[in-house]
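When we follow UniProt numbering, the leftmost residue of the sequence shown carries the number 1, and every step to the right adds one.
What follows is a single structure, written as structure tokens, with notes after it.
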Amino acid sequence: MVVKVYGFPLSGATRNVIAALYEKGVEFELVMVDLKAGVQKQPEHLKLQPFGKVPVYQDGEITLFESRAINRFIATKYEGQGTPLYGKTPTEKALVEQWMEVEGQNYHPVITALNYQLLVKKIFTGEGPDEAAVAADVPKLNAVLDIYEARLTETWWRDISSRPSWQKTITYGSS
């Protein structure tokens, strides 16, 4: 059975899962969820993801939602193939978990808010951004990015962003 990812190609959470699958060399099918049409709020999708969001991941008998949980599953299930994503020792795993928490608690909320104001809102409602909301969130994002930059300056970002899986992920669905 082929892995299915129910998602939207421009969704950061969907892209995170797609990147993990590429890293592990796992074939998958993207089942498009038209967020603009509200498909994610329809009963059929809500059976898979009760909060009406994307992505949803199906692999055999398991259906998962929440991209971080999905990526942990992918890293564990496909541990012996592709790129190691989760670390081998308890220390390595703890560091991965730490940065997943940083992303989930500090980066994700502010980038999601800015993404909505600067991109999604125009596409979905035709309205421009709320400049006050953007102005309030930019310093929050900059604070998180300053911390990331200090950590990633040690070549990590260059290594990740040059990976073929990341290059495929950022262009997925753009044609």
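Backbone N, C-alpha and C define an ideal beta-carbon position, used for all residues, glycine too.
- Counting the other CB atoms within 10 Å of its CB gives G25 a total below 16, which places it among the exposed residues.
- With respect to the 8 Å criterion, A20 and A75 are classified as neighbours on the basis of their beta carbons.
- With respect to the 8 Å criterion, D146 and A113 are not classified as neighbours on the basis of their beta carbons.
- The alpha-carbon of E101 is positioned some 12 Å away from that of P109.
- Within the UniProt domain "GST N-terminal" (1-82), the complete beta strand (DSSP E) runs of at least 3 residues fall at 3-7, 28-32, 56-59, 62-65.
- Taking 8 Å as the cut-off, the beta carbon of T89 is found no closer than this to the beta carbon of E23.
- Around the beta carbon of V2, fewer than 16 other beta carbons sit within 10 angstroms, so the residue counts as exposed.
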